[in-house]
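Before any comments, here is the structure.
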């Protein structure tokens, strides 16, 4: 009868990876708790400012509003697909996702910096894969492991 629990090398690898994942999640929780504490301090300061101008104002009557998730700042609403297709038509040659992203900088609502470059590339990659699924573009080659894309 086989044992469900094996204390071999495989378990050490799994346990190690699970421990790393738990550590990352705990770190994220700590970061979010600090951010929540900072936001509470700001909210309290705003409440005191309101009281300065109107001492009778009931601060506790202010209800929270639901915030929307961060929007894509790399393209205007519903413009990502059109922008990527326009860039690919303009380049008229096989190009990488990074090439497309570099050319799409002109359509960005906010400036592309080193800190948000990877997010911009990820946004373009998502659009490229969706275009591939819609059969509008195809993967041309993988020279040196790099994907090249062309219009169909």
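Residue numbers (my numbering): 92 to 243. Cβ coordinates follow ideal geometry from the N, Cα and C atoms, glycine included.
Beta-carbon separation (whole angstroms), residue i vs residue j, contact threshold 8 Å
{"i": "residue 174", "j": "residue 144", "result": "About 46 Å; that fails the 8 Å criterion."}
{"i": "residue 150", "j": "residue 159", "result": "24 Å between Cβ atoms; not a contact."}
{"i": "residue 192", "j": "residue 223", "result": "Between residue 223 and residue 192 the Cβ distance is about 16 Å, and since that is not below 8 Å, they are no contact."}
Start and end residues, beta strand (DSSP E) containing residue i
{"i": "residue 241", "result": "237 to 242"}
Limits of the unbroken alpha helix (DSSP H) element including residue i
{"i": "residue 183", "result": "Unbroken run through residue 183: none, as it is neither H nor E."}
{"i": "residue 221", "result": "208 to 224"}
Closest by C-alpha distance to residue i, when choosing among the options
{"i": "residue 186", "options": "240, 131, 133", "result": "240"}
{"i": "residue 165", "options": "236, 118, 207", "result": "207"}
{"i": "residue 196", "options": "184, 214, 183", "result": "214"}
{"i": "residue 155", "options": "130, 147, 221", "result": "130"}
{"i": "residue 137", "options": "124, 200, 153", "result": "153"}
Test item: CB-CB of residue i and residue j under 8 Å
{"i": "residue 218", "j": "residue 172", "result": "yes"}
{"i": "residue 188", "j": "residue 205", "result": "no"}
Closer than 8 Å is the cut-off here; do at least three beta carbon pairs connect the region 209 to 228 with the region 166 to 181?
Short answer: they touch.
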